Structures are given as structure tokens and as C-alpha cells.
Amino acid sequence: MATPTHLARSSALAVPVADGRPVLGLSTDSMTERDLAAEVARRSTRPVTAFSAAALCGQDDLVQDLREFSESNGLSIYFHALDLDLCGIDPVDPGMVRQIAEYAKTLGSPWITTDFAMWVLHGETLIENMVPVPLTREAVDWVGDRVKHIQDIAQMPVIGENPPYPVLVGDLDILTFMSAVAERADCGLCMDIGHLYILRQQRGEPIERPEDADFPWERVVEAHISGITVRDFGAYPLVQDQHKWPVDEPVWRTTEILMPKMTRLQALIGESEGMSADDLIAKLERMDDCIEAVSR
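The sequence shown begins at 482 in the working numbering and counts up by one.
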């Protein structure tokens, strides 16, 4: 398969292109559950070779601990920045962006992932209070230009992820929004499969829409999967992301639908903070089956 031209830029911003089987990975709490991740990687009969590590700017000691953990357990790191503010209104802090990029480079991560959301307001990090970005054409321009600026400062690929918005504002579908932002910023994408299921459910839409055929699936280089909970409030179903729960069958079916579309996928990560070792091993086995089904 020919390399898409927008992924083949000869610069530090080019998303690495790798043919072959996507790697199988997991995330547990980066501070308190590294031993769990190491145990699962050892016990699993499947090739668990990647770990999604999360950190805030300023957590230098944690980043060094994660580097040692990675080297000791033979796990490659995919770095998820918790306060890289792709969609905010605060001015971009170049020093903060460079520090986050340095973390990613220290950990050997091929890129930085973070959700399309507001993560910082008036200098305060909104870890527990993520603010959704309006899904509008005007927001596409704002976010696309902001991502491009951040990526230029970082001098490495910045990969935008679809978040689990608790409420939706705007008339665009999340994939339409992501597609337009990626085109404007020339960036890669991370597909959280459970999050997509959540957003489609909240709008009463099918998992597959005809418009999805126009989505740049070749830009998706990382994908995540986790469990969900559903609470029915009558007029509005509240579907929430739950990393500690086993993956529901509708999310597995969504995974089976999407995997063949993501032709440049390099890593499938099971988000599993709070999950037991046995449940996580079972989850990784089924994830590996999904990878194998599209790698034959």
C-alpha cells in the first residue's frame, strides 16, 4: 500500500508510518499500577509490548520512573499528555509544550496523544472537569490552527483523540469534526472506540454512518478500547467511559467494524485503570484476536 502523501513529510512532524501488525498494549495508572501492568505483560500469552503512559507537565520524577519501568519490562511507551490543551482559549504556552515534548522523547514515544477538549483554563488544569469543544465549523478553524501551532512548537507529531464528552454541543458529528481538524492541522489521529460508541449512542445514531466513508482512516495510528456504563434518564441516555469495567459486547462489535478501516494503525491500547489482572488478561486476549483478524 502506498504511503499517503500527508503522512510522508520528511520532518520531525511526520507521523511515523509502519506496515505490519499493530502492537498490543495497555494502560494502567501510571503512578500506582505499574506493577500490575508488568504482571499482566508477563502472564499474558499474547504479545503485550506497549504501555500508554500519562503525565502532567512538571511531573519530571514520574517520567523518569516510567522510563525505568519501560526499560525494565521491555514495553514501548505511547505518551498521553494530560494537560496539552488542544482546544482551550488560554494562549499556548511554548515552554509547557516543549516540556511535554521532551517527556515524550525521553520515553521514546513516537508521538504525543491527547483528547480534543479544553484541559486548561486560566492556567488551572481541568483533569476532572474536561470541557467539551463545540462541534461546529468555527471550532474546527480554531482547533485546527491551535493544533498546528502546538505541533510546530513540539517538533514532533501531536495525535488528537476523540474524547468521551458528557454532553454534546454543535451540529457536527465527531468524526466530521476530527477529519476537518486533521486536514487543517495536518496531524494524526487516535480513535477511542468506546468513546465513538458513547457519542453515537448519545445522539441516537448508528455506529456506522454513510459519511464515515469520507473519514481519513489512514490518519489513525493509535486506538483505545475500554468498558462503558449506561444510565437511562428517559430523554437522554448517559453513556460513560469506564476503564475498570470489562468491555461490553457492543463495543467489541464496534471494534470489529472499525479495525479493518484503520489501515495505518500502529497500536491498540486497552485502557484498564482499576481493572483486575485476570480481567485485563482476558481483555488483551480478545484485543489480540481483533488485531489478528485484520493482520492475516
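Even for Gly, the Cβ is constructed at its ideal location relative to N, Cα and C.
Computed from a prediction, not measured in an experiment: that's the story for all the values here.
For residue i, the first and last residue of its enclosing alpha helix (DSSP H)
i: H630; result: R618 to A635
i: H676; result: I674 to Q683
i: D516; result: R515 to R524
i: L543; result: D541 to N554
i: E754; result: No alpha helix (DSSP H) contains E754, which DSSP labels as neither H nor E.
i: L739; result: E730 to L739
Three-way DSSP call (helix, strand, coil) for residue i in this model
i: I655; result: helix
i: C771; result: helix
i: T744; result: coil
i: S426; result: Because the chain here runs from 482 to 777, residue 426 falls outside it and cannot be looked at.
i: V529; result: strand
i: M577; result: helix
i: V648; result: coil
i: V614; result: coil
N- and C-terminal bounds of the beta strand (DSSP E) containing residue i
i: G506; result: V504 to S508
i: E689; result: E689 -> no beta strand (DSSP E), and no H or E assigned at all.
i: I570; result: Neither: I570 is in no beta strand (DSSP E) and is coded neither H nor E.
i: E642; result: V639 to E642
i: E703; result: V701 to I706
i: V498; result: Run containing V498: none; DSSP gives neither H nor E here.
i: S557; result: S557 to A562
i: D596; result: I593 to D596
Inter-residue spacing [alpha-carbon to alpha-carbon] between residue i and residue j
i: E549; j: H676; result: 31 Å
i: H561; j: E766; result: 23 Å
i: S660; j: L649; result: 17 Å
i: V614; j: A536; result: 22 Å
i: V544; j: E692; result: 40 Å
i: S511; j: L547; result: 7 Å
i: A763; j: E730; result: 14 Å
i: E552; j: K629; result: 32 Å
i: Q580; j: S508; result: 22 Å
C-beta atoms of residue i and residue j nearer than 8 Å
i: A666; j: Q632; result: yes
i: I558; j: F532; result: yes
i: R690; j: D652; result: no
i: P528; j: A598; result: no
i: T606; j: E642; result: no
i: M768; j: W698; result: no
i: L517; j: A758; result: yes
i: P503; j: A748; result: yes
i: I706; j: E752; result: yes
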